[in-house]
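Under the UniProt record's numbering, read the sequence shown as residues 1 to 359, first letter to last.
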Amino acid sequence: MLAARRRTGASNAQVERVIKLIKDFRDGQYTSKQLLIERPLTGAAYDRMLDRIATNPNLLGYFNDKLRFDYIRNKRYFVIRMSSDLHDTVAAEIWSDIYDQLKEIRQRTDRYHESAIDAANGIKAKGTSKIKFSVSKGKMDGKSPDSAFQHRDCQFPGFVMEIAWSQRKLNLPELASEYIQRSQGSIRTVVEVNLNDIYTAKIQQRRQGMKATLGKAAATFSVWRAEVDESNGLKRVAVIASVLDKEFRDEDGNTITGADLQLSLRDFTCEKVARKFQDIQDPEIVVLSETLCTIYEDAVAFQQMTENEEKGEVTHSEESDQKEGRERRSVLETIGLRRSPRNVKPQRSKRLEAKQRAS
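Quick look at the structure:
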């Protein structure tokens, strides 16, 4: 009996600590620069926390619309996900490039089959919207990806993207497996861009008293895909590493030509939608390595401006860039994403060259 009361007391304390943390974020009282904030929280405590938040309309609105968090019940940790200007910019610009290519598929009736166009018309950008996973008992688990695209006829996004940067060093294979397995393969494709080596290089420069630059470090991406086997009346989902740690920027900062992010329309839909077009035509969606590097370099410049602004080290030329950056952030926050000072769009001819290299 005493042990049970102690467990209840400890669980209630967990709830109070996490709710206070959420309120601190809402009220602008959290000042740490840590980008992943973890707090222990049991499944029962998580359920009680949600019940408590539901009684406070103001806090509930912030929790549902603004707070980015992950909660996986068997891990017993509530994780709040912060981001940097660099992280947000990289995610937003890759999102924008993919969105433009989906838009092109919708409009090019002379080039694409009607079934592919219909599928592309149903795909919508989800931004950082939460993805919820059902559990056997209790309230649903949730994850907040950096970017996602979902077809209107699918329960889950077909495509999810995560950016790993600084303290947000994520266990990428485990993260991909969680998305794919928990959705029973409905999340078909997980792309993860890893910029941690570049961040480490920047930190080393600062420790050595050097001005932080783009850093001598590589940048990579990985692609995990769902492989679904429904033979013998049973559904089995495997997570396949289609591309693993592919460098698109070498350690000297050079673009690696041909190291393109190769996707197709079926990566953005669930299986039932993909069946309608994939055997007829599956349009390719290619983010060029040149585009990825330009996005990254613009994002670093944007991040550096923000850091200089915080330190009061702003040049006259940077002031106008920062004003433009603030205006862009204001617009992009309305769709759950941010973008860099320049809008990066790959040339169509280079995309076609990339498709030819892949064929």
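Ideal Cβ placement from N, Cα and C applies to all residues, glycine included.
How about Arg76 and Leu41: do their beta carbons lie closer than 8 angstroms?
yes
Local conformation of Gln281 per DSSP, three classes
coil
If you count every other CB in all the chains shown that lies within 10 Å of the CB of Gly258, and 16 or more means buried, which is it?
exposed
Does the Cβ of Asp110 have 16 or more other Cβ atoms within 10 Å, making it buried, or fewer, making it exposed?
exposed
With a 10 Å radius around its C-beta and 16 neighbouring C-beta atoms as the bar for buried, classify Ser32 as buried or exposed.
exposed
If I'm right that Leu50 touches Lys132 with Cβ under 8 angstroms, what's the distance once you round it to whole angstroms?
With 8 angstroms as the limit, Leu50 and Lys132 do not qualify as a contact, their Cβ atoms being about 12 angstroms apart.
Reduced DSSP secondary structure (H/G/I, E/B, other) of Gln167:
Interpretation of Gln167 is limited by its pLDDT of 48, a score under 50 that renders its predicted location unreliable; the figure taken from the coordinates is listed afterwards. Helix, per DSSP.
Going by DSSP, what residue range makes up the beta strand (DSSP E) through Ser144?
Note, Ser144: premise wrong, no beta strand (DSSP E); not H, not E.
How would you call Ile285, buried or exposed, if buried means at least 16 neighbouring beta carbons within 10 angstroms?
buried
Apply the 10 Å Cβ neighbour rule to Ser317 and answer buried if 16 or more other Cβ atoms are within range, or exposed otherwise.
Reliability fails at Ser317, whose pLDDT of 48 lies under 50, so the model's placement of it is uncertain and the value that follows must be treated cautiously. Ser317 comes out exposed.
Taking the beta strand (DSSP E) that Leu263 belongs to, which residues open and close that run?
261-264
Are the Cβ atoms of Arg52 and Val15 separated by less than 8 angstroms?
yes
8 angstroms Cβ cutoff met for Ile180 and Ala226
yes
The alpha helix (DSSP H) that contains Thr189, what's its start and end?
From DSSP, Thr189 is part of no alpha helix (DSSP H) but of the beta strand (DSSP E) over 189-194.
One question on the structure: do Ala218 and Glu247 come within less than 8 angstroms of each other, judged by their Cβ atoms?
yes
Closest by C-alpha distance to Asp260, when choosing among Val228, Glu290, Phe277
Glu290
Starting from Arg182, trace the alpha helix (DSSP H) in both directions and tell me its first and last residue.
172-182
Of the choices Lys130, Glu104, Ser129, Asp252, whose alpha-carbon is the least far from that of Asn121?
Glu104
Could you check whether Leu265 and Asp279 sit closer than 8 angstroms to each other, using their CB atoms as the reference points?
no
Kindly indicate the opening and closing residues of the beta strand (DSSP E) around Lys132.
131-133
Quick one: residues in its chain with C-beta nearer than 8 angstroms to the C-beta of Ala164, no 5 flanking neighbours on either side, listed in chain order?
Leu170, Leu172, Glu192, Val193, Asn194, Leu195, Asn196
I need the DSSP call for Tyr30, collapsed to helix, strand or coil.
coil
Classify Gly158: buried if its beta carbon has 16 or more other beta carbons within 10 angstroms, exposed otherwise.
buried
In terms of residues, what are the limits of the beta strand (DSSP E) holding Tyr71?
69-72
According to DSSP, what are the bridge partners of Asp51?
Bridge partners of Asp51: none, in fact.
Out of Thr189, Asp141, Pro57, point me to the one whose CA is closest to Gln262's CA.
Thr189
I need the straight-line Cα distance from Gly28 to Gly127, nearest angstrom please.
23 angstroms
For Met161, the three-state DSSP class (helix, strand or coil)
strand
Just the Cα atoms here: how many angstroms apart are Asp252 and Arg26?
41 angstroms
Could you spell out where the alpha helix (DSSP H) holding Leu36 opens and where it closes?
Careful: Leu36 lies outside any alpha helix (DSSP H), inside the beta strand (DSSP E) at 36-40.
Beta-carbon proximity of Cys270 to His151, cut-off 8 angstroms:
yes
Ala250 versus Ser129 - alpha carbon distance
Note on residue identity: the sequence assigns Asp, not Ala, to residue 250. Near 32 angstroms, if we compare the C-alpha coordinates of Ser129 and Asp250.
Express the C-alpha separation of Ala299 and Leu21 in angstroms, rounding to a whole number.
29 angstroms
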